Amino acid sequence: MIEAGKPAAKLKSEALQVLLERGLVHQCTDLEALDAKLAAGPVTAYAGFDATAASLHVGHLMPLMTMRWLQKLGHKPIIVLGGGTSQVGDPSFRNEARPLLEQQQIAANIAGIRRSIERLLDLEGEDGAQLVDNAEWLTEFRFLEFLRDYGAHFTVNRMMTFDSVKSRLDAQMPLTVLEFCYMMLQAVDFLELARRHDCSLQVGGSDQWGNIINGVELGRKGEGRQLFGLTVPLITTASGAKMGKTAAGAVWLHPEHLSPFAFWQFWRNTADADVPKFLRLFTELPMNEVIRLSELQGAELNEAKKILATQVTTIVHGAEAARHALEQGDALFAGQADNLEPTHRLPLVRLAEGLGLLELLVDVGFATSNGDARRLVEGGGVRLNSKVVDDPRRRISSGDIGAKDALTLAAGKRRKALVRFE
RNA sequence: GGAGGAGUGCCCGAGUGGCUAAAGGGGGCGGACUGUAAAUCCGCUGGCUAAGCCUACGUUGGUUCGAAUCCAACCUCCUCCA
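Following this line, the structure appears as structure tokens:
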């Protein structure tokens with residue numbers, strides 16, 4: 019598509035120059051025209067998130083970073099929470115229908131997502147980013163009215179040509195009308211935002227291309243509006259895996275699903291080869307600084323990784339949490355746990371009730387099950403207060419906790435915890 | 001509508017009556033080496049109140065002392081024919 023990371027000299031708008039140089043652009047419906055529009059004045063742009071989980075994860079950071087840049091450069095972001103579309107389920111590139119979500123679940127998920135958005139974008143004031151829920155208009159439609167107003171602008175022929183549904187059709191897996199109409203709903207969202215807020219740009223993941231195109235086309239056919247679509251690339255790590263999955267699961271943005279400390283550690287553990295790319299995509303350091311850090315060699319790259327981790331954590335969890343995570347990490351890895359805030363807290367009664375080492379490993383999240391913890395211990399990967407413990411029957415006793423009622427626990431070389439009983 | 005083939009653990013993929021919690025590979029985790037990196041080598045990789053027990057080879061039944069393996073029905077996918 020569009021070469022990422024290369025400054026585009028012929029572009030007039032600062033916004034596109036920055037996005038391109040950061041590597042945040044994958045495809046655009048009309049790069050030149052969008053460039054002209056962005057150069058001419060403030061543009062309102064939106065990105066939507068369905069309520070499929072109680073928290074966003076690092077994959078969502080790409081469109082969110084794009085929105086941050088746009089806001090920073092004088093444009094206006096709108097974030098659409100998919101309270102309406104989540105009731106349908108996006109079939110894009112999936113071979114099976116998503117399980118339908120209950121209203122209650124959707125509401126809970128939206129609350130969790132909202133929290134991260136509020137951190138990532140500035141919602142204050144006249145020019146602040148706006149948060150809207152598409153249930154607001156989608157639930158108002160009456161069926162016949164909807165079909166007459168919008169159905170005429172979509173042809174099934176065209177809808178079936180999108181890659182996002184083709185694999186499902188090719189595999190002869192059922193694609194229900196419910197799911198098939200998802201792209202219509204997203205298209206209507208775009209038009210609705212154009213009407214209500216003069217929004218003319220939609221940003222999304224590369225899997226959203228088909229849905230975005232539908233909106234752009236609806237805008238043109240429906241009322242002659244020129245709308246734009248921009249997708250961000252799908253990020254894979256140097257080893258080829260989809261980014262953001264760890265043994266413990268997704269890398270969540272919500273602090274209750276993944277602690278800022280663990281979040282910071284995720285970035286700290288970036289492979290060497292990914293450091294330049296991640297600095298560009300996930301931090302807002304000036305490019306000359308990004309380049310300087312990217313050129314560091316060997317062990318020196320560790321400094322760049324720390325900066326990367328602290329920068330991203332600052333954006334997602336705030337400066338205070340980031341500084342804290344950095345300090346916790348430094349102290350834990352240096353083996354100086356004194357005067358340190360715990361990474362985990364457990365009630366003191368747990369000790370009296372009798373707490374096994376395996377149970378503790380599961381509680382802290384270093385193992386997914388008792389058996390998993392057992393294997394970890396038997397493999398010699400567990401340290402309790404810096405001493406290897408390979409007996410899976412080991413119990414935690416008051417003798418293990420120091421003056422501060424805390425103990426340190428490590429699983430392997432990179433996962434460390436300071437657990438306080440209180 | 002007819003004929004044939006296939007459905008195995010996170011993924012790919014062997015396995016045609018007991019020795020199969022299921023070969024091999026990938027991925028993941030741990031150990032050694034390092035720099036909380038990569039590469040390499042080694043180990044582990046269903047659950048539990050753990051020398052025992054439970055769950056598992058598309059689903060449900062059946063045959064058998066014993067089934068991922070045999071039989072029946074059903075579901076799904078693939079190929080060929082109409």
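Heads up: take any position in the first sequence, counting from 1, add 18, and you land on my numbering. By construction, the Cβ of each residue, glycine as well, lies at the ideal position given by its N, Cα and C atoms. Computed from a prediction, not measured in an experiment: that's the story for all the values here.
Please check the pair residue i and residue j, which I expect to be a contact at CB under 8 Å, by giving their CB distance rounded to whole angstroms.
i: Leu248; j: Val206; result: 19 Å between Cβ atoms; not a contact.
i: Ala403; j: Asp381; result: Strictly speaking, residue 403 in this sequence is Asn, with Ala absent from that position. Between Asp381 and Asn403 the Cβ distance is about 17 Å, and since that is not below 8 Å, they are no contact.
i: Leu156; j: Leu149; result: That pair is no contact at about 16 Å.
i: Ile97; j: Leu139; result: 7 Å
i: Ala289; j: Thr255; result: 6 Å
i: Leu425; j: Val437; result: 6 Å
i: Leu366; j: Glu440; result: 6 Å
i: Leu326; j: Phe296; result: 6 Å
i: Leu165; j: Ile128; result: The pair is not a contact, with the Cβ atoms about 28 Å apart (cut-off 8 Å).
i: Leu88; j: Ala57; result: At roughly 13 Å, the Cβ-Cβ gap does not stay under 8 Å, so Leu88 and Ala57 are not in contact.
i: Phe159; j: Met177; result: In fact, because the Cβ distance is near 19 Å, the residues do not count as touching under 8 Å.
Considering Cα atoms alone, identify which of the options is closest to residue i.
i: Val106; options: Leu196, Arg86 and Phe296; result: Leu196
i: Phe422; options: Gly397, Lys434, Pro360 and Val400; result: The amino acid occupying residue 422 in the given sequence is Lys; Phe does not appear at that position. The shortest Cα separation from Lys422 among Gly397, Lys434, Pro360 and Val400 belongs to Pro360.
i: Tyr168; options: Val308, Gln204 and Gln354; result: Gln204
i: Glu50; options: Leu34, Glu158 and Pro60; result: Leu34
i: His335; options: Val36, Leu276 and Gly41; result: Leu276
i: Gly316; options: Val293, Leu303 and Ser218; result: Val293
i: Leu79; options: Leu344, Leu42, Arg368 and Val183; result: Leu42
i: Leu364; options: Phe164, Phe284 and Leu378; result: Leu378
i: Leu209; options: Gly223, Trp227, Ile230 and Gly237; result: Gly237
i: Thr331; options: Val269, Asn320, His362 and Glu371; result: Val269
i: Gly374; options: Leu350, Asp408 and Gln354; result: Asp408
i: Val250; options: Ser31, Leu358 and Glu39; result: Glu39
i: Val395; options: Ser387, Leu376, Thr386 and Gly383; result: Leu376
i: Lys413; options: Ala385, Thr386, Ala370 and Gly398; result: One detail in the question is off: residue 413 reads as Arg in this sequence, not Lys. The shortest Cα separation from Arg413 among Ala385, Thr386, Ala370 and Gly398 belongs to Ala370.
i: Met201; options: Leu99, Leu74 and Val183; result: Val183
i: Phe351; options: Phe246, Lys324, Arg368 and Arg213; result: Lys324
i: Val234; options: Gln226, Leu245 and Arg401; result: Leu245
i: Ile124; options: Asn320, Arg137, Cys46 and Ala69; result: Ala69
i: Met261; options: His75, Gly59 and Pro60; result: His75
i: Cys46; options: Thr179, Ile231 and Arg86; result: Ile231
i: Ala71; options: Asn320, Leu118, Ala340 and Arg213; result: Leu118
i: Arg86; options: Asp145, His342 and Gln226; result: Asp145
i: Pro60; options: Pro81, Leu319, Gly92 and Glu32; result: Gly92
i: Gly77; options: Glu32, Glu136, Leu299 and Arg393; result: Leu299
i: Arg213; options: Gly242, Gly223 and Phe384; result: Gly242
i: Arg137; options: Ala337, Ala291 and Leu219; result: Ala337
i: Ile131; options: Ser73, Phe111, Thr179 and Gln354; result: Ser73
With DSSP as the reference, please indicate the residues paired to residue i in a beta bridge.
i: Ala65; result: Ile97
i: Leu436; result: Thr426
i: Gln148; result: Ile96
i: Cys217; result: Thr62
i: Gly487; result: This structure does not reach residue 487, given that the chain is present from 19 up to 440, and the question cannot be answered.
i: Ile414; result: Leu373
i: Arg363; result: Arg438
i: Lys405; result: Leu402
i: Cys199; result: Partner(s): none; Cys199 has no beta bridge.
i: Gln35; result: Answer is none; Gln35 lacks a bridge partner.
i: Gln45; result: Thr249
Under the rule that 16 or more other beta-carbon atoms within 10 Å means buried, what is residue i, buried or exposed?
i: Pro95; result: buried
i: Leu427; result: buried
i: Thr328; result: buried
i: Met83; result: buried
i: Asp151; result: buried
i: Ile309; result: exposed
i: Gln143; result: Here residue 143 is Gly; the residue named in the question, Gln, does not match the sequence. Its Cβ having fewer than 16 others within 10 Å, Gly143 is exposed.
i: Ser416; result: exposed
i: Gly66; result: buried
i: Arg433; result: buried
i: Val174; result: exposed
i: Pro278; result: buried
i: Phe161; result: exposed
i: Leu211; result: buried
i: Ala429; result: buried
i: Pro273; result: buried
i: Gly228; result: buried
i: Asp53; result: buried
i: Arg286; result: buried
i: Gly420; result: exposed
i: Lys55; result: buried
i: Arg411; result: exposed
i: Lys24; result: With a pLDDT of 46 at Lys24, under the threshold of 50, the predicted position of this residue should be treated as unreliable, and no value is reported.
Exercise. Which runs of the alpha helix (DSSP H), 4 residues or longer, sit entirely within the region 313 to 351?
Worked result: Runs found: 319 to 335.
Exercise. What are the complete alpha helix (DSSP H) segments, minimum 4 residues, inside the region 220 to 291?
Worked result: Runs of the alpha helix (DSSP H) inside the region 220 to 291: 227 to 241 and 278 to 286.
For this session: Give, in chain order, every unbroken run of the beta strand (DSSP E) that is at least 3 residues long and sits entirely within the region 102 to 171.
Result: Listed in chain order, they are 148 to 151.
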